[in-house]
Amino acid sequence: MRIALISLLLLVQACASTSSGVTAQSYVGKHPSESILTTADFDAVVGAVLSHKDVAMYLHPEAAGRVPVRVAFKPPFDGRPVNLQLYGAQVVTQSYADGNADAVTLAPSCDATQCIVGVVYNPEGIKGSVVLTKQSGQWQVSNTEIFE
0 MRIALISLLL LVQACASTSS GVTAQSYVGK HPSESILTTA DFDAVVGAVL
50 SHKDVAMYLH PEAAGRVPVR VAFKPPFDGR PVNLQLYGAQ VVTQSYADGN
100 ADAVTLAPSC DATQCIVGVV YNPEGIKGSV VLTKQSGQWQ VSNTEIFE
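Counting from 0, one number per residue, gives the positions in the sequence shown under numbering that gives the first Met the number 0.
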């Protein structure tokens, strides 16, 4: 019985992802990184990074295959879903472990009041970082360094 339940769980997890490694939600319940950032804070940080002019200028939503925007998070955020819409489509989370050639790779390092987010987007050849601080309950970009 226990083996049958484990096999069923593995089958359900395998069906949750497509062959390209894109998942709608990789975790049932809370993602382990929620102890670092709440869902609302995580969504706000990712939204602030992707919509900041220094990053958004490289997303090129007018180019074929760029919408929906795809993101991959480095551990411990790998696989964490994000509730965010850009350019009229839901942002899609890809597994960092399954490859991220066409995704904006984000590497957040956060505490309760500050996040430094590493940014890499291989299709545009950019890398850098975005620093955010939480002021009056809102995450705001305080510094960016993006290089081609």
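Don't be surprised by glycine CBs; every beta carbon is placed ideally from N, CA and C. Everything numeric in this text was worked out from a predicted model, so none of it was measured.
Under the three-state reduction of DSSP, residue 49 is assigned to helix.
The residue among 82, 62, 104, 143 with its C-alpha nearest the C-alpha of residue 37 is 82. Note on the segment 52 to 138: whole beta strand (DSSP E) runs with a minimum of 3 residues are 69 to 72, 91 to 93, 103 to 109, 113 to 120, 125 to 134, in chain order. For residue 127, the closest C-alpha among the options 39, 42, 53, 67 is that of 53. Contact between residue 44 and residue 107 holds, with the beta-carbon distance rounding to 6 Å and staying under 8 Å.
By the 16-neighbour rule on beta-carbons within 10 angstroms, residue 146 is exposed. The residue among 118, 112, 92 with its C-alpha nearest the C-alpha of residue 40 is 112.
Annotation: residue 118 to residue 135 spans about 25 Å, alpha carbon to alpha carbon. Within a 10 Å sphere around the beta-carbon of residue 77 sit 16 or more other beta-carbons, which makes this residue buried.
A distance below 6 Å between beta-carbons, with the five flanking residues on each side excluded, links residue 144 to the following residues of its chain, in chain order: 127, 128.
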